[in-house]
Amino acid sequence: MSALAAMPPRSFEVTPKLDAQGEPMGELLEISMGPHHPSTHGVFRMDIVLDGEEVVKLKPVFGYLHRNHEKIAEGISYLGSMPYTDRLDYFCSMTNNWAYALTIEKLAGLTPPERAEYIRVIMAELTRLQNHTSLIGFFLQDMGALGTPMMYAFREREKILDLFEAVSGARMMCNYMRFGGVRADVNDAWIAQARQLTDGYGKFLDEFEAFLTGNEILLARTQGVGTLPAALAVNASMTGPMLRAAGVNYDLRKVDKYGIYSRFDFKVPLGEHGDLYDRYMVRVLEMRESIKILQQALRDIPAWPIMDPKSKLRGFRPKPGEVYGRVEGPKGELGFYVISDGSPNPYRYRVRPPSLINLTLLEDMCLGYKVSDAVVILGSVDIVLGEVDR
Amino acid sequence: MLGEQIIRGMAVTARNFFGSYVSKERLTTVQYPEEHLPTMSNSRQFPMLVYDNDPEKGLRCVACTICEKECPPQCIYIVKSKDKKPDYKGQAQLYPAVFDIDI
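Chain order of the listed sequences is C and G.
Counted from 1, the first sequence has number 123 at position 116 by this note's numbering; the numbering is strictly sequential.
Counted from 1, the second sequence has number 61 at position 58 by this note's numbering; the numbering is strictly sequential.
So, in structure tokens, the structure goes:
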């Protein structure tokens, strides 16, 4: 790509600004934000070098929440890692489950039945709804709108978590998908409840947008702040709403058409400038598209069965081989890379977390802005530290 | 007009605030220690041994130790019983002499 070559190399030397006589106007100040800082969404540290109030250098430091997920998975059975994938990105355990189940299904050659595919799509889109809703709440809280938007977001998220609990037995740690299907079936009452929620969600989004979208303070804080050029985002292999806000049309639901996404009619919202406002707006529009997918899926869902008869839960030994499976999670491309040597445990297990890779360009987004903008830019990346550090 | 949208947003806040006095949809919290939300029927809470009516005759666990082997964090500890006890059908069944979950 010629656009990539056109990016000028950045100098890593930082010096204070000079006045008219060529003398430095002040000294640089290095501050360490985090790991215990309310704006960093967990245990995450930013080493910031400031010139006055302006960020001239920023180094993200992570690893405080490392839990050895990949090595643990090499020591236990394939199914044993399924509950651990819930703990990667604890907001979206359903899509994490799906990504892992999809990978192992590719490896073992299993095909989930129709109803299981539909249930997976419903769960993934509900996850996207609740993730984006609560993200916008957190984003506004980073901006200083303490409480109110987040409480409205959490009020709606609670209804979706109730649906998850009714079907999987847990609100956040769902542990719901299995290789070749899903663990428990949904009943008609659940589907009716999900349909009611889906139909009412558009009304909530209208209210939420009346509350936020035109707000002058939000516009002043977000428009033109934290701009990320599309070429740079592609270069850093960013995915998800961050990439689409920069105007790159890349959605794995359209590119890979995994599962049954080719059957649904939906659009991929794109941003234009790649600033914070575009990232906010792309997420709102994505939720509206998710509602469309949910309405189609809840209308078309077929009957029994929910498990591939070839799949077995205990004594599962896939044939040797290597496989990479990926889904479009709410935060971006979530991939699992697994090598099997024919034993009950994976030989190598690797997660491609969207949060970590979207975080790598934090410095390029923050340079030249104030500290308070750096906090909001970090909020717009949508990180969950459970997934960044694994 | 500058600030028009802020006032529009405040109207939403006001609608939610006053609505919480009249509408069940906008008042979603409960007074916790006095009131509880009902637990879902298949909610996964603290794991325990299940029995039907009688804790000895109706005990469903036969100490097969599959859960001990499959448990991902390996926190279940089971010791099989030496003897067998009759269940409701009168069949002799093993039971766990020790069943411990180290949470």
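Think of the CB as a built atom: it goes at the ideal place given N, C-alpha and C, for glycine as much as any other residue.
Since we're looking at a predicted model, the values are computed, not measured.
- Neighbours of R185 of chain C in chain G, taken as residues at a C-beta separation under 9 Å, are lacking, since the least C-beta distance is about 13 Å.
- Between K92 of chain G and the set G:G12, G:R63 and G:P50, the nearest pair of CA atoms involves G:R63.
- Here S39 of chain C is exposed, its C-beta having fewer than 16 other C-beta atoms within 10 Å.
- For Q96 of chain G, the pairing in a beta bridge is given by DSSP as G:K88.
- For S26 of chain G, the closest Cβ of chain C is not nearer than 8 Å.
- Put simply, of C:G116, C:S269 and C:R333 the residue whose alpha carbon is nearest the alpha carbon of V358 of chain C is C:R333.
- Under the Cβ distance rule, G29 of chain C does not count among the residues neighbouring chain G, no pair being separated by less than 8 Å.
- Beta-bridge partners assigned by DSSP to L341 of chain C: C:V334.
- With a threshold of 16 other beta carbon atoms within 10 Å, G386 of chain C meets it and is buried.
- Going by DSSP, S39 of chain C is part of the beta strand (DSSP E) stretching over L35 to M40.
- Per DSSP, Y97 of chain C lies in no alpha helix (DSSP H) segment and is marked neither H nor E.
- V21 of chain C is a Cβ neighbour of V63 of chain C, given a cutoff of 8 Å.
- Those residues of the region 78 to 101 of chain C placed with their C-beta closer than 9 Å to a C-beta in chain G are I79, I83, S84, L86, G87, S88, M89, P90 and Y91, ordered along the chain.
- Excluding sequence positions up to five before and after V82 of chain G, its CB lies within less than 6 Å of the CB of A100 and V101, all in the same chain and listed in chain order.
- Around the beta carbon of I10 of chain G, a 10 Å sphere encloses fewer than 16 other beta carbons of the protein chains shown; the residue is thus reported as exposed.
- Taking C-beta separations shorter than 8 Å and ignoring five residues to either side along the sequence, the partners of I198 of chain C in its chain run L305 and I308, following chain order.
- When Cβ-Cβ separations below 8 Å define contact, N56 of chain G makes no contact with chain C.
- Looking at the DSSP output, S347 of chain C sits in a beta bridge with C:G328.
- Against chain G, the CB of T155 of chain C has a partner CB under 8 Å away; the residue lies at that interface.
- For G176 of chain C, the neighbours in chain G by C-beta distance under 8 Å run, in chain order, M43, N45, S46 and R47.
- Per DSSP, P156 of chain C is one residue of the alpha helix (DSSP H) stretching across T155 to S175.
- When Cβ pairs closer than 8 Å are counted between the two stretches, the region 340 to 359 of chain C is seen not to touch the region 223 to 241 of chain C, the count staying below three.
- Put simply, the CB of A108 of chain C is far from chain G, with every gap to its CB atoms at 8 Å or more.
- Any Cβ of chain G closer than 8 Å to the Cβ of N138 of chain C would place that residue at the interface, and such an atom is absent.
- Looking at the backbone, the Cα of P45 of chain C and that of L153 of chain C are separated by about 12 Å.
- Boundaries of the alpha helix (DSSP H) harbouring P361 of chain C: P361 to L366, taken from the DSSP string.
- Taking the C-beta atoms as reference points, R135 of chain C is found no nearer than 8 Å to S318 of chain C.
- Spatial neighbours of G59 of chain C in its own chain (CB-CB distance under 7 Å, excluding positions within 5 residues in sequence) are listed in chain order as G33.
- Rounded to whole angstroms, the separation of the alpha carbons of L366 of chain C and L374 of chain C is 14 Å.
- In terms of Cβ geometry, G188 of chain C and P90 of chain C do not form a close pair [threshold 8 Å].
- Shortest Cα-Cα distance from L36 of chain C to any of C:G281, C:D371 and C:K24 involves C:K24.
- Taking CB atoms only, V33 of chain G has no neighbour in chain C less than 8 Å away.
- Under the three-state reduction of DSSP output, I79 of chain G falls in the strand class.
- Straight-line measurement puts the Cα of L204 of chain C at about 23 Å from the Cα of A17 of chain G.
- Take I300 of chain C, set aside five residues on each side of it, and the residues of its chain with a beta-carbon closer than 6 Å to its own are E132, F271 and F273, in chain order.
- Nearest to Y208 of chain C by C-alpha distance, out of C:H139, C:G322 and C:S362, is C:H139.
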